[in-house]
Each structure stands twice: as structure tokens, then as C-alpha cells.
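Colleague: Got a structure for you, questions after.
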Amino acid sequence: MSSSTETRKFEAEVAQVLHLVTHSLYSHKEIFLRELISNASDACDKLRFESIARPQLLAGEGELHIDVSWDADARTVTVRDNGVGMDREDIVANLGTIASSGTRRFLEAMSAEQKTDARLIGQFGVGFYSAFVVADRVTVLSRRAGDASSEGVKWESDGKGEYSLEQVELAERGTSIVLHLKADEDEFLRPWTLKSLITRYSDHVAFPIRMPLEKDGKASDEWETVNAASALWTKPKSDISDEDYQSFYRSLGHDFNDALAWTHNRVEGSQSFTTLLYIPSQPPFDLMMGGRDERKGLKLYIKRVFIMDAAEELLPNYLRFVRGVVDADDLPLNVSREILQHNRQLERIKAACVKRVLDLLEKLARDEPEKFATFYKAFGNTLKEGIAEDQGNRERIAKLLRFASTRSDSRSPNVSLDDYVGRMAVGQDTIWYITADSYAAAAGSPQLEAFKAKDIEVLLMYDRVDEWMIGSLTEYADKKLKNVAKGELALDEADKQKQEEASAAAAPLIEKIKRLLGDRVGDVRVSARLTDSPSCLALSDYEMAPHLARLLREAGHDMPDSKPTLEINPQHPLLKRLDAESDDGKAADLSNLLLEQAEIAAGAPLPDPAAFVQRMNRVLLG
Numbered sequence: 002m003s004s005s006t007e008t009r010k011f012e013a014e015v016a017q018v019l020h021l022v023t024h025s026l027y028s029h030k031e032i033f034l035r036e037l038i039s040n041a042s043d044a045c046d047k048l049r050f051e052s053i054a055r056p057q058l059l060a061g062e063g064e065l066h067i068d069v070s071w072d073a074d075a076r077t078v079t080v081r082d083n084g085v086g087m088d089r090e091d092i093v094a095n096l097g098t099i100a101s102s103g104t105r106r107f108l109e110a111m112s113a114e115q116k117t118d119a120r121l122i123g124q125f126g127v128g129f130y131s132a133f134v135v136a137d138r139v140t141v142l143s144r145r146a147g148d149a150s151s152e153g154v155k156w157e158s159d160g161k162g163e164y165s166l167e168q169v170e171l172a173e174r175g176t177s178i179v180l181h182l183k184a185d186e187d188e189f190l191r192p193w194t195l196k197s198l199i200t201r202y203s204d205h206v207a208f209p210i211r212m213p214l215e216k217d218g219k220a221s222d223e224w225e226t227v228n229a230a231s232a233l234w235t236k237p238k239s240d241i242s243d244e245d246y247q248s249f250y251r252s253l254g255h256d257f258n259d260a261l262a263w264t265h266n267r268v269e270g271s272q273s274f275t276t277l278l279y280i281p282s283q284p285p286f287d288l289m290m291g292g293r294d295e296r297k298g299l300k301l302y303i304k305r306v307f308i309m310d311a312a313e314e315l316l317p318n319y320l321r322f323v324r325g326v327v328d329a330d331d332l333p334l335n336v337s338r339e340i341l342q343h344n345r346q347l348e349r350i351k352a353a354c355v356k357r358v359l360d361l362l363e364k365l366a367r368d369e370p371e372k373f374a375t376f377y378k379a380f381g382n383t384l385k386e387g388i389a390e391d392q393g394n395r396e397r398i399a400k401l402l403r404f405a406s407t408r409s410d411s412r413s414p415n416v417s418l419d420d421y422v423g424r425m426a427v428g429q430d431t432i433w434y435i436t437a438d439s440y441a442a443a444a445g446s447p448q449l450e451a452f453k454a455k456d457i458e459v460l461l462m463y464d465r466v467d468e469w470m471i472g473s474l475t476e477y478a479d480k481k482l483k484n485v486a487k488g489e490l491a492l493d494e495a496d497k498q499k500q501e502e503a504s505a506a507a508a509p510l511i512e513k514i515k516r517l518l519g520d521r522v523g524d525v526r527v528s529a530r531l532t533d534s535p536s537c538l539a540l541s542d543y544e545m546a547p548h549l550a551r552l553l554r555e556a557g558h559d560m561p562d563s564k565p566t567l568e569i570n571p572q573h574p575l576l577k578r579l580d581a582e583s584d585d586g587k588a589a590d591l592s593n594l595l596l597e598q599a600e601i602a603a604g605a606p607l608p609d610p611a612a613f614v615q616r617m618n619r620v621l622l623g
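Heads up: the sequence shown begins at 2 in the numbering used here, then just goes up one per residue.
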């Protein structure tokens with residue numbers, strides 16, 4: 002066996018994380034212990050799973066556990082597990098390179114305001130590096146279960162760009178992480194400090210966490226278990242306090258904040274399973290980043306054996322913010338992700354999880370509106386994705402949605418569709434809404450003028466997801482949803498006659514504007530929407546809103562060219578001025594400005610901003 006030591010450089014992004022950790026993460030330094038224990042628990046879970054098919058892997062030490070010890074003289078803290086362990090390739094992949102996109106996403110999330118907060122590190126799967134918050138050197142000793150004792154690996158680094166690898170003799174499987182503490186980190190050499198941190202952050206880790214008994218100020222050879230070491234979800238609800246639930250959530254979700262709400266249920270019968278599902282109080286920083294494969298919202302257990310992070314198989318994408326565990330009694334222990342995707346039992350569990358989450362949200366909305374408002378601020382946009390994704394629960398999801406409104410004093414979304422329907426005038430059969438790219442653009446849209454004049458409420462939708470979402474929500478409570486900016490407005494007989502008379506009277510003006518604008522417009526017509534503004538854009542029923550089309554183009558999508566319909570208000574002074582203007586140049590400037598201001602109000606990009614400015618200056622100068 003060669004004992005030569007190999008030195009390697011970290012990949013660039015790992016080096017960035019290490020630099021950030023060692024120089025910037027000052028708050029909540031104690032998080033390192035939670036992260037290392039969490040990784041140790043994962044290693045024990047993996048071995049317990051692998052040992053189902055290969056029982057010989059547990060030879061030597063049958064009971065899986067995690068040991069936390071200290072040495073005041075050597076100034077070290079050691080976290081050891083007798084889990085699955087790592088071989089040389091595993092160590093290089095997990096500690097020296099980008100094993101997943103977690104490191105990259107962690108760096109992206111670290112804006113200037115967040116760089117002093119170590120709490121984020123666990124959310125991105127790079128928790129091992131938190132060791133360097135308190136240590137100036139870290140040594141890892143590991144041997145994979147099933148490998149010979151001569152195939153142990155020693156990894157060591159000071160976190161400054163390089164690490165060393167050496168093959169060593171290790172009598173026992175598993176991993177030991179030895180933290181050589183920095184000079185000012187004496188508090189972590191106190192056993193009561195370590196014990197209190199374990200109780201606070203890791204009490205509900207399902208494996209015993211042991212510490213040496215202290216004798217004469219030093220660690221003895223006797224060990225005691227310092228955590229509850231139980232699967233919380235298996236206990237009767239009556240035996241679990243709110244603090245127990247919150248403590249479990251914090252360790253499960255790598256979150257310092259309490260959960261907003263939770264639901265804990267046991268289903269017995271032809272199929273038996275337990276669910277413990279949490280709604281966080283604020284979104285994780287990676288909620289909107291990454292693909293489906295990176296979601297780790299729920300953990301799947303079978304008879305208390307951890308199987309996998311299986312969020313996609315246990316909850317739909319629009320509920321990816323939910324954290325928790327599912328423990329099934331009837332699934333085979335050798336289940337794979339491929340089997341899960343076509344498993345009818347799991348489909349029933351998934352449906353039950355969705356029902357439990359929606360039940361919980363409905364209860365919050367009904368009984369604790371302030372908590373629901375907190376939830377909606379954090380996850381409302383994510384929930385909206387369910388309108389398109391989950392046809393079977395569309396009505397339930399729609400009932401939970403909230404919007405701003407022309408009848409609401411608040412810019413915050415606080416009006417439900419039920420609120421709107423309850424306020425509808427007798428005979429009104431349409432739920433009216435408008436989409437825009439900001440609250441100000443929606444609330445100030447000229448398309449609202451006729452509705453305000455008739456005291457008809459309009460929902461204001463201004464989140465990016467709204468235009469896409471509303472394409473799948475065409476009806477609610479037997480009422481059609483319709484965009485005030487799309488199609489022609491349905492008019493009563495009196496209004497229809499006025500509209501026809503106004504269109505006939507403005508026919509020469511319309512022809513003049515069409516001639517001057519040429520192929521910049523598809524049509525020009527008198528508006529039934531406008532009372533105060535001179536012009537607005539009108540879209541066909543199936544045309545995409547200009548602000549969304551702009552965003553998609555900016556994202557690199559090919560969008561079909563369409564010529565807008567310009568609606569005008571002939572009673573406005575600008576239109577009267579245009580009608581009376583005999584100079585074609587000045588009339589063309591006015592016509593183009595009418596179109597361009599309508600485009601700006603609708604969120605469409607101006608094709609030639611410089612020409613717009615020049616036209617505006619010419620008109621202002623008279």
C-alpha cells in the first residue's frame with residue numbers, strides 16, 4: 002500500500018464557497034454542527050438502505066450512530082458516523098468538486114446583504130463547507146462499508162485552495178470529520194455547548210447522537226446518547242408538543258425559522274402510511290431555481306427506513322415549497338425512482354399529500370387569515386402554477402388565490418374570487434381582470450376607465466405568472482373570466498347605439514389615422530373602454546399580453562409578430578386636434594404618439610425610442 006500523499010486544487014466554485022465561508026459568514030457559526038450531523042445521518046440512512054440487499058455491510062457495528070467528541074488539549078471537535086462511508090472517488094466528488102449544482106446556486110443566492118448569514122448554507126447541499134467557519138483545518142477520515150481496512154482515505158485542507166489525499170488504514174467503516182478549531186472558537190470545546198446545540202438543532206435525528214461523559218474536565222471512555230433519536234412522525238399526535246414539531250422541522254428543513262403550519266396524519270386500511278407535512282414561513286432561496294430533479298421537499302421512508310428524497314413523486318411541482326416526510330408501510334424496500342414513477346400505491350399517497358396540503362391551506366385561509374397572508378406573500382406565485390398543472394384540484398386552488406382589485410385600498414393581493422363573485426352586480430356574469438407587469442401599470446391602465454365609470458370591479462393581476470396562469474382559468478363558480486383589454490366589450494342596447502353613432506361620426510378620422518400609421522397597426526376603431534384617455538391597445542381574445550411577449554422575447558423565445566389594434570377616444574382633445582390638423586407631418590406625429598403611448602401603457606416595447614422622443618419634442622414645441 003502506497004502512503005504517498007497527493008495534493009489537488011479545489012474546483013473554482015468550491016474555492017469561491019470556501020473563501021466566502023472563511024471570510025464572510027460570521028452569524029450563527031454554530032450551524033456547522035447541525036450540518037455535519039445532518040450529513041452523518043444521511044450516511045447512516047444510506048447504509049441502512051444498502052444493507053437491505055447486502056446485510057454483510059453492517060458487520061462489525063450493527064447499531065448505527067453518530068458520535069460527537071472534543072479534545073481541549075488538541076483543540077479539536079470530531080463528528081464521527083458508522084454509516085456508509087466514502088472511498089477515494091466519493092471524497093473527490095463530494096468534497097473537492099461540484100457534485101451537483103448546489104455550490105453554484107449557493108453562490109448565486111449570496112447577495113451582498115446575505116453574505117454575513119451562515120444559515121443559508123444547508124439549503125444548497127454544501128453544508129460540509131460550514132466546518133471552515135470555525136476551523137482553520139479540517140481532516141476527514143473515511144472508509145466505505147464493504148471495503149478492506151487498508152482502503153481508508155484521509156482528506157485534509159485548510160480551505161485555502163488545495164486539499165490532500167492519502168490512503169490510510171482504518172479499522173472501522175464510516176466517516177470521521179476532525180475540526181481543528183480557530184484560536185477564538187473556544188466555546189465549541191465546552192461539552193455543554195455542544196450538547197445544547199445538538200438538542201436545539203438535531204434532537205430528532207433518527208439515529209443516536211452520542212457524546213463522551215465528562216470526567217475531570219476531559220472526555221471519558223463512557224458514552225451517553227444526547228438526542229431523542231426517534232422518528233417523531235411515528236408518535237401519537239397527543240404525545241408531541243408544538244415545540245417538538247418545530248424542532249423537527251428546523252432540523253429537517255435546514256431552517257432557522259419556525260414552520261408556519263403543519264399537518265400530521267396516519268392512514269390505516271388497505272394501504273397504510275404516515276405523512277408529516279410543513280408549510281415554511283418563508284421561501285428557501287433556491288425555490289425558483291433549478292429543475293424538478295433538484296427539489297427535495299419530502300423524504301420518503303418505508304417502515305422508517307429512509308429511501309430517497311422523492312419530492313416529484315410525492316408532491317406536484319406547484320407544491321414544491323412543502324417540507325416533510327412520508328413513511329409508507331406497503332411499498333417494497335428495494336423501490337427505485339423508476340419504479341416510483343409508475344407505482345399506483347404511490348399515486349394514492351401523492352393524492353393524499355396534495356389533499357392534506359390544500360386542506361391545511363384552506364383552514365389557514367378560513368381560521369387564521371394573517372398566517373395565510375404570510376403564506377401567500379411567500380408562495381402565492383408558486384401556488385398559481387397549480388392552475389395549469391393540476392386540473393383535478395383547479396377549483397380548490399383557485400379558491401385560495403388572492404388578487405389586488407379596483408375596489409381594494411391595498412396594493413397587496415387580498416381579494417379572493419369568492420369575494421369578487423359575492424360583490425358582483427345583479428345580472429353580471431363575467432369576472433373581469435387585467436394583467437400588467439406592475440401594480441401601477443395595472444391600476445393605471447386606460448382600459449379600466451369604462452369599468453370604473455360603471456362601478457364594475459376589476460381584478461388587478463401583475464405577477465409574471467398571471468398571464469400564463471389565467472390561460473388555464475377561464476371559468477370560476479360558473480362565471481367566465483375575461484380580460485378587460487381583450488376582445489370587444491359586450492354592450493347593452495343603449496351603449497351599442499352610442500358606439501355605432503360615435504364610430505360613424507369618427508369614420509373620416511379613423512381612415513386618416515390608418516393612412517398615417519400604415520402597417521404599424523392592424524386596425525383602428527372607436528373605443529368602448531375609454532372615457533378619459535385618448536387611446537389604448539386592444540388585443541384579440543387569444544393574443545398574448547404585450548408585457549409577457551416582451552419578457553419571453555428577452556428570454557430568447559421566438560414570438561410571432563402581430564399588429565396591434567388601436568382604439569381611440571374621439572372626444573379627447575388630442576383626437577380633436579388630430580382631426581383638425583391639415584399638415585400631414587404634424588398629423589403623423591400625433592398619430593404615432595397616440596399609438597406609442599398606448600403601447601407604453603400596455604407594457605409593449607417601443608420599436609424606436611429615439612424616434613418617439615423626437616416626435617414628442619416636435620409636438621411639444623408646436
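Just so you know, even glycine gets a beta-carbon here, dropped at the ideal spot from N, CA and C.
Distance, Cα to Cα, residue 84 vs residue 482?
Modeller: 56 Å
Colleague: To the nearest angstrom, how far is the alpha carbon of residue 601 from that of residue 180?
Modeller: The straight-line gap from Cα to Cα measures roughly 59 Å.
Colleague: Decide if the region 415-425 is in contact with the region 495-512; the criterion is three or more beta carbon pairs, one per stretch, under 8 Å apart.
Modeller: no
Colleague: If we count the other Cβ atoms within 10 Å of its Cβ and call it buried at 16 or more, is residue 263 buried or exposed?
Modeller: Taking all protein chains shown into account, residue 263 has 16 or more neighbouring C-beta atoms within 10 Å of its C-beta and is therefore buried.
Colleague: Do three or more CB pairs link the region 215-223 to the region 248-257 at distances below 8 Å?
Modeller: Too few Cβ pairs lie closer than 8 Å, so no.
Colleague: Only counting runs of 4 or more residues, tell me where the alpha helix (DSSP H) segments fall wholly within the region 520-604, in order along the chain.
Modeller: 547-555, 574-581, 585-603
Colleague: Grouping DSSP H, G and I as helix and E and B as strand, with all else coil, what is residue 302?
Modeller: Strand at residue 302.
Colleague: Ignoring anything shorter than 3 residues or poking outside the region 450-493, list the beta strand (DSSP E) runs there in chain order.
Modeller: 460-462, 480-484
Colleague: Using CA atoms only, rank isn't needed, just tell me which of 566, 623, 369 is closest to residue 579.
Modeller: 623
Colleague: For residue 323, report the span of its alpha helix (DSSP H) as first-last.
Modeller: Following the DSSP letters along the chain, one finds residue 323 in no alpha helix (DSSP H), marked with neither H nor E.
Colleague: Are there 16 or more other CB atoms within 10 angstroms of the CB of residue 530, so buried, or fewer, so exposed?
Modeller: Classification of residue 530: buried, given that the 10 Å Cβ count is 16 or more.
Colleague: Can you give me the C-alpha to C-alpha distance between residue 210 and residue 78, rounded to a whole angstrom?
Modeller: 14 Å
Colleague: I'd like the ranges of any alpha helix (DSSP H) spanning at least 4 consecutive residues and lying wholly in the region 162-225.
Modeller: 192-203
Colleague: Compute the distance between the beta-carbons of residue 283 and residue 266, then report whether it is under 8 Å.
Modeller: The answer is no: Cβ separation not under 8 Å.
Colleague: Using the beta-carbon count (16 or more within 10 Å), is residue 207 buried or exposed?
Modeller: buried
Colleague: Do residue 302 and residue 391 have their C-beta atoms within less than 8 Å of each other?
Modeller: Going by C-beta atoms, residue 302 is not nearer than 8 Å to residue 391.
Colleague: What does the alpha-carbon distance come out to for the pair residue 6 and residue 172?
Modeller: Taking the Cα positions, residue 6 is about 20 Å away from residue 172.
Colleague: Within 8 Å, do at least three Cβ pairs link the region 369-382 to the region 450-461?
Modeller: no
Colleague: Going by beta-carbon coordinates alone, are residue 298 and residue 174 separated by less than 8 Å?
Modeller: It is not a contact, given that the beta carbons lie outside the stated cut-off.
Colleague: Secondary structure at residue 87, three-state DSSP: helix, strand or coil?
Modeller: coil
Colleague: Could you tell me how far apart the beta carbons of residue 156 and residue 169 are, in whole angstroms, since I believe they sit closer than 8 Å?
Modeller: Rounded to the nearest angstrom, the Cβ distance from residue 156 to residue 169 is 10 Å, too far for a contact under 8 Å.
Colleague: Could you tell me if residue 281 is buried or exposed, where buried requires 16 or more neighbouring beta carbons within 10 angstroms of its beta carbon?
Modeller: buried
Colleague: Over the uninterrupted beta strand (DSSP E) stretch that includes residue 266, give me the two end residues.
Modeller: 260-268
Colleague: Would DSSP call residue 67 helix, strand or coil?
Modeller: strand
Colleague: Pull up the DSSP beta-bridge partners for residue 274, would you.
Modeller: 268, 329
Colleague: At what residues does the alpha helix (DSSP H) containing residue 381 begin and finish?
Modeller: 370-390
Colleague: Quick check: the Cα distance between residue 605 and residue 361, rounded to an integer number of angstroms?
Modeller: 40 Å
Colleague: Could you tell me the distance, in whole angstroms, from the CA atom of residue 164 to the CA atom of residue 199?
Modeller: 29 Å
Colleague: Among the candidates 510, 599, 74, 450, whose CA atom is the shortest distance from the CA of residue 532?
Modeller: 450
Colleague: Determine contact between the region 222-236 and the region 320-333, defined as no fewer than three beta-carbon pairs at a distance below 8 Å.
Modeller: yes
Colleague: Could you pull out every residue in the same chain whose Cβ sits closer than 6 Å to the Cβ of residue 351, ignoring the five residues on either side in sequence?
Modeller: Only 315 meet the Cβ criterion.
Colleague: Could you spell out where the beta strand (DSSP E) holding residue 78 opens and where it closes?
Modeller: Note, residue 78: beta strand (DSSP E), 77-82.
Colleague: Looking at the structure shown, is residue 144 part of a helix, part of a strand, or coil, going by DSSP?
Modeller: strand
Colleague: I'd like the list of long-range same chain contacts for residue 595, defined as Cβ closer than 8 Å, with 5 residues on each side in sequence excluded.
Modeller: 514, 535, 536, 567, 569, 575, 576, 579
Colleague: Do residue 522 and residue 487 have their C-beta atoms within less than 8 Å of each other?
Modeller: no
Colleague: Let me know the secondary structure DSSP gives residue 120 once reduced to three states.
Modeller: Confidence in residue 120 is poor, its pLDDT being 47 and thus under 50, which makes the residue's placement too unreliable to answer from.
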